[in-house]
Structure formats: C-alpha cells, structure tokens
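All you need for this note's numbering is the position in the sequence shown, starting with 1, plus 2.
Where a beta carbon is used, it is the ideal one built from N, C-alpha and C, also for glycine.
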Amino acid sequence: MRALAVSFCLLAVTACSEKSPVDPSPISRELVLAPGQTSAIPEASVSIRFERVSGDSRCPGDAICIQGGNAQVEIQVLRSGRTRPHILNTAESRPIVDQDLTIALVELSPYPFSSRPFPPEDYRATLRVSR
3 MRALAVSFCL LAVTACSEKS PVDPSPISRE LVLAPGQTSA IPEASVSIRF ERVSGDSRCP
63 GDAICIQGGN AQVEIQVLRS GRTRPHILNT AESRPIVDQD LTIALVELSP YPFSSRPFPP
123 EDYRATLRVS R
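Right, dumping it as structure tokens:
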C-alpha cells in the first residue's frame, strides 16, 4: 500500500513539472480574393487560394425564380507543401474544416443580373478564416 502511495506521489510531481501544451493562438481574419489569387496567413503557416467559381446558378437579381440557386467557390488550402481542394457553396452557409482552421464563405460578389453579365475574373470571394 505504501509503495502505491509513493508511486502516485512521484507521478503527480512529474506531471506538475512538465510544461503544459500551449494552445495555438486564435485566428479570425477575413480575406477578399479574386480568382487565382492567394493569401498567406503566417501565424497558421497556411495559404488560401481562390481557384474559381463553378456552376453559378444563383437567381439573377432582376429575375423572379422558384429557387435561389447556388454558386460553387473552389479554393485550395496550401500547407507544408501539400494542397487540399475544397468547395464552398453560396446556398449553404456550412464552413469547411481543414485541420485546425475553419473556412467559411461570407460573400460572393458580384451578384448576377441577367441584364449585366460580367466576366469570371470579376468575382470576389470573401472568406472568414478562424481557429
């Protein structure tokens, strides 16, 4: 019994002497990116690239539609030499999680109007990156 008590005390002492792991610093940043543009987040050792918008079927602002439609925003998360593709949707406000980061699509502009078409390079994706 005495040996068990001594062992427990030794474990408790060594546990207290160790440094506790430090949580990574919080991140909360909004990025506005054009297609093909990359933005670095140094404190997370990551870069985010807005590849393109695919399948923009959002209801034009000057039309009456039965459904709101959707646009898919394709991004790449570049970290430690590895690239991971992700798709964010305007119809869903569900963010993606890439390791310790959460990335949400805040806005995709411009909003389509049938009377004013625009080239794909005019898109701007506002992304919120947090940890």
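- Straight through space, the alpha carbons of Asn72 and Ser111 are spaced by roughly 13 angstroms.
- When DSSP states are grouped into helix, strand and coil, Asp124 belongs to the helix group.
- Taken through DSSP and simplified to helix, strand or coil, Glu109 comes out as strand.
- The C-alpha of Arg86 is placed about 15 angstroms away from the C-alpha of Ala46.
- Runs of the alpha helix (DSSP H) spanning 4 or more residues and lying entirely within the region 15-75 do not occur at all.
- Contact annotation: Thr128 and Val48 have beta-carbon atoms that are not nearer than 8 angstroms.
- Burial is judged here by how many other beta carbons sit within 10 angstroms of a residue's own beta carbon; Phe52 has at least 16 and is buried.
- In the three-state DSSP reduction, Asp100 falls in the strand class (E or B).
- Arg86 carries a strand assignment under DSSP once its states are collapsed to helix, strand and coil.
- Within 10 angstroms of the beta-carbon of Val99 lie fewer than 16 other beta-carbons, which makes it exposed.
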